[in-house]
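Residue numbers (this note's numbering): 205 to 642. Glycine included, every Cβ here is placed at the ideal spot set by N, Cα and C.
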């Protein structure tokens with residue numbers, strides 16, 4: 205036998221005595237018909253010698269026992285504060301809510317507590333902050349460094365894939381079919397292509413596969429991988445053609461997430477030994493450290509495309525990571541400018557400069573988070589850009605510079621502060637846009 209203050213647990217979910225979590229309204233007594241008449245008061249005979257009635261003892265109040273299996277009133281009342289803060293367990297919540305249908309005083313107090321909690325906690329979005337994971341990791345690693353740390357040049361990719369993964373977890377199957385507009389720049393004009401969220405993830409996985417195969421990991425295209433030079437565009441087209449239309453659009457999420465995790469794990473164990481490993485991108489190559497920054501940049505850009513398509517807020521990379529991405533784009537500009545010259549899309553160099561020697565320079569100033577100053581050699585990729593040989597100056601906000609490098613805005617649309625040689629400024633702006641690709 206249980207005592208009056210004990211709870212035998214028979215009202216736990218799934219047990220025979222379980223109560224519903226949200227109890228149905230109870231009918232009022234008057235809804236069942238007229239109330240019964242009060243019983244007549246008992247008639248007492250005077251038995252005193254003087255004809256008066258003897259004193260009547262006060263009637264003790266009748267205390268109804270608590271329902272079988274339920275905690276007593278005092279315990280449930282003590283749980284009201286925790287219930288208002290949503291801090292009760294599922295069993296306690298069910299017991300408290302069942303009790304509130306029977307006890308008017310507790311119901312009034314519960315209402316007041318809930319209103320007080322609402323004042324203490326203003327309504328916020330229930331969506332998780334995409335940077336939550338990186339902040340938690342930063343706090344943990346600040347207290348106890350990881351035994352096998354992620355290389356600094358791979359941390360932007362780790363953070364951006366984690367953010368995109370958090371976005372994808374919040375999406376339903378219908379949103380995976382939402383149309384997404386991909387934009388980049390070719391030659392002198394912008395190019396667009398429409399796909400879906402699932403198509404974007406397939407594109408990211410196919411191009412990340414170039415890094416995976418360079419590290420000895422499995423190619424996500426498998427036997428369907430195209431022969432010859434591993435071109436990102438050809439790999440993407442191959443993946444899209446091989447995609448099964450009957451397959452769930454969510455099917456690319458888990459393989460992409462597993463592949464990105466495997467990439468981070470592989471370089472973390474390899475350390476600095478693989479930083480200069482060459483990763484082929486069709487007609488050019490990047491060292492692995494720059495390839496990871498390139499993949500982080502594209503992951504962020506396409507995550508923004510997805511977020512725009514499904515009307516979801518998305519934050520830029522952390523300032524330290526954004527600086528690494530801007531630095532990569534700035535370091536690639538001399539080669540991009542030389543490629544445009546070979547194609548007849550940029551003015552020829554004004555003079556030849558020996559490798560390592562200073563030459564005509566453009567001062568690129570990127571303002572805001574992740575910004576800085578870069579000196580771009582204009583006459584040769586092997587020349588040295590110096591402040592003393594500056595002939596032009598461009599000032600751009602970091603977000604604007606990244607949008608230009610992603611091909612999301614044209615060079616004419618870039619709100620850049622400009623000073624100096626007009627041809628040099630135009631060539632560098634167009635070379636920045638040419639860094640974009642599908």
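| query | So, helix, strand or coil for residue 306, using DSSP? | reply | For this step, residue 306 is matched to residue 102 along the chain shown. DSSP places residue 306 in coil when its eight states are reduced to three.
* **residue 586, enclosing beta strand (DSSP E) - first and last residue** => Numbered from its first residue, the chain shown carries residue 586 at position 382. That residue, residue 586, is in no beta strand (DSSP E); it is neither H nor E in DSSP.
Quick check: the Cα distance between residue 503 and residue 472, rounded to an integer number of angstroms? Here residue 503 corresponds to residue number 299 of the chain shown, with the count starting at 1. Here residue 472 corresponds to residue number 268 of the chain shown, with the count starting at 1. Using only the alpha carbons, I get a separation of about 20 Å.
Practice task
Just the C-alpha distance for residue 580 and residue 594, rounded to the nearest angstrom, thanks.
Solution key: Your numbering for residue 580 matches position 376 in the chain shown. Your numbering for residue 594 matches position 390 in the chain shown. Take the alpha-carbon of residue 580 and the one of residue 594: they are about 9 Å apart.
- Identify whether residue 451 lies in helix, strand or coil by the three-state DSSP scheme. As a first step, residue 451 must be located in the chain shown, where it is residue number 247. It is coil, neither helix nor strand.
Tell me the rounded alpha-carbon separation between residue 452 and residue 377.
Here residue 452 refers to the residue found at position 248 of the chain shown. Here residue 377 refers to the residue found at position 173 of the chain shown. Their backbone Cα atoms lie some 8 Å apart in a straight line.
**Whole-Å CB distance - residue 600 paired with residue 618, under 8 Å assumed** = Counted from its first residue, the chain shown places residue 600 at position 396. Counted from its first residue, the chain shown places residue 618 at position 414. Correct: roughly 6 Å between the Cβ atoms.
**Residues that residue 483 bridges to, as DSSP identifies them** = As a first step, residue 483 is located in the chain shown; it is residue number 279 there, counting from the start. Paired residue(s): 490.
- Put residue 422 into one of helix, strand or coil per three-state DSSP. Reading the chain shown from its first residue, position 218 is the one you call residue 422. Coil.
Item to check | N- and C-terminal bounds of the alpha helix (DSSP H) containing residue 440 | outcome: Position 236 of the chain shown, counted from the start, is the residue given in the question as residue 440. Looking at the DSSP string, the run of the alpha helix (DSSP H) that includes residue 440 is 436-446.
Margin query: Can you tell me whether residue 623 is helix, strand or coil according to DSSP?
Written below: Here residue 623 is taken as the residue at index 419 of the chain shown, counted from 1. Assigned with DSSP and collapsed to three states, residue 623 falls in strand.
Excluding sequence positions up to five away, which residues of its chain have a Cβ less than 6 Å from the Cβ of residue 569?
Here residue 569 refers to the residue found at position 365 when the chain shown is read from its first residue. Hits under 6 Å: 577, 599.
How would you call residue 228, buried or exposed, if buried means at least 16 neighbouring beta carbons within 10 angstroms?
-> In the chain shown, residue 228 corresponds to position 24, counting from 1. Confidence at residue 228 is low in this model, with a pLDDT of 43, below 50, so its placement is unreliable and the value that follows should be read with caution. Classified as exposed, residue 228 has fewer than 16 neighbouring CB atoms from the shown chains inside 10 Å of its CB.
Practice item. Taking residue 564 as part of the beta strand (DSSP E), name the residues at either end of that continuous run. Key: Taking the first residue of the chain shown as 1, we reach residue 564 at position 360. From DSSP, the beta strand (DSSP E) with residue 564 extends over 562-571.
Task: Own chain partners of residue 521 with C-beta closer than 8 Å, once the 5 adjacent residues on each side are dropped - done: In the chain shown, the residue the question calls residue 521 occupies position 317. Excluding residues within five positions, the ones whose Cβ falls inside 8 Å are 360, 363, 364, 500, 504, 529, 574.
Given residue 469 as reference, the closest of 358, 369, 524 once Cα atoms are compared = Taking the chain shown and counting its residues from 1, one reaches residue 469 at position 265. It is 358 whose Cα lies nearest to the Cα of residue 469.
At a cut-off of 7 Å, would you count residue 608 as near the ligand MG, judging by its Cβ distance to the nearest heavy atom? Of ligands this structure carries none, so the ligand MG is not represented either.
Test item: CB-CB of residue 445 and residue 642 under 8 Å: Translated into positions along the chain shown, residue 445 becomes position 241. Translated into positions along the chain shown, residue 642 becomes position 438. Not a contact, by the Cβ cut-off of 8 Å.
Bounding residues of the beta strand (DSSP E) (the contiguous stretch that carries residue 388): The count along the chain shown starts at 1 and reaches residue 388 at position 184. Per DSSP, residue 388 is one residue of the beta strand (DSSP E) stretching across 383-390.
Residues in the same chain with beta-carbon distance under 6 Å from residue 634, minus the five sequence neighbours each way, listed in chain order, please. As a position in the chain shown, residue 634 is number 430, starting the count at 1. Setting aside the 5 residues that flank it on each side, residue 634 is surrounded in the same chain by 615, each with a C-beta closer than 6 Å to its C-beta; the list follows chain order.
Q. From which residue to which residue does the alpha helix (DSSP H) around residue 530 run?
A. In the chain shown, counting from the first residue as 1, residue 530 sits at position 326. Segment 523-546, the alpha helix (DSSP H) holding residue 530.
- Message: Quick check on the DSSP output: the alpha helix (DSSP H) that includes residue 461 runs from which residue to which?
- Response: On the chain shown, position 257 is the one that residue 461 refers to. Its alpha helix (DSSP H) spans residues 457-474.
#### Entry: Opening and closing residue of the alpha helix (DSSP H) in which residue 394 lies
Within the chain shown, the letter at position 190 stands for residue 394. Here residue 394 belongs to no alpha helix (DSSP H); instead the beta strand (DSSP E) covers 393-400.
I need the boundaries of the alpha helix (DSSP H) containing residue 366, first residue and last residue. By one-based count along the chain shown, residue 366 stands at place 162. From DSSP, the alpha helix (DSSP H) with residue 366 extends over 359-373.
So, helix, strand or coil for residue 601, using DSSP? Position 397 of the chain shown, counted from the first residue, corresponds to residue 601. Residue 601 sits in a strand when the DSSP states are folded into three classes.
- prompt: What are the boundary residues of the alpha helix (DSSP H) that includes residue 281?
  reply: As a first step, residue 281 must be located in the chain shown, where it is residue number 77. Per DSSP, residue 281 belongs to the alpha helix (DSSP H) from 277-282.
- Item | Residue interval of the alpha helix (DSSP H) (run including residue 379) | Here the question's residue 379 lines up with position 175 in the chain shown. First-last of the alpha helix (DSSP H) with residue 379: 377-380.
Pull up the distance between the alpha-carbon of residue 403 and that of residue 438, whole angstroms please. Against the chain shown, residue 403 aligns to sequence position 199. Against the chain shown, residue 438 aligns to sequence position 234. Going by the C-alpha atoms only, they are around 14 Å apart.
- prompt: Taking C-alpha atoms, which residue in 311, 527, 613 lies nearest to residue 392?
  reply: Start at 1 with the first residue of the chain shown, and residue 392 comes out as number 188. Closest by alpha carbon: 613.
**Message:** Does residue 611 come out as helix, strand or coil in the three-state DSSP assignment?
**Reply:** Along the chain shown, read from residue 1 onward, the residue named residue 611 stands at position 407. Coil at residue 611, not helix or strand.
Hey, how far is the Cα of residue 506 from the Cα of residue 496? Here residue 506 refers to the residue found at position 302 of the chain shown. Here residue 496 refers to the residue found at position 292 of the chain shown. Roughly 15 Å separates the two Cα atoms.
Alpha-carbon spacing of residue 294 relative to residue 311, whole angstroms
Translated into the one-based positions of the chain shown, residue 294 becomes position 90. Translated into the one-based positions of the chain shown, residue 311 becomes position 107. Cα to Cα, the separation comes out at about 19 Å.
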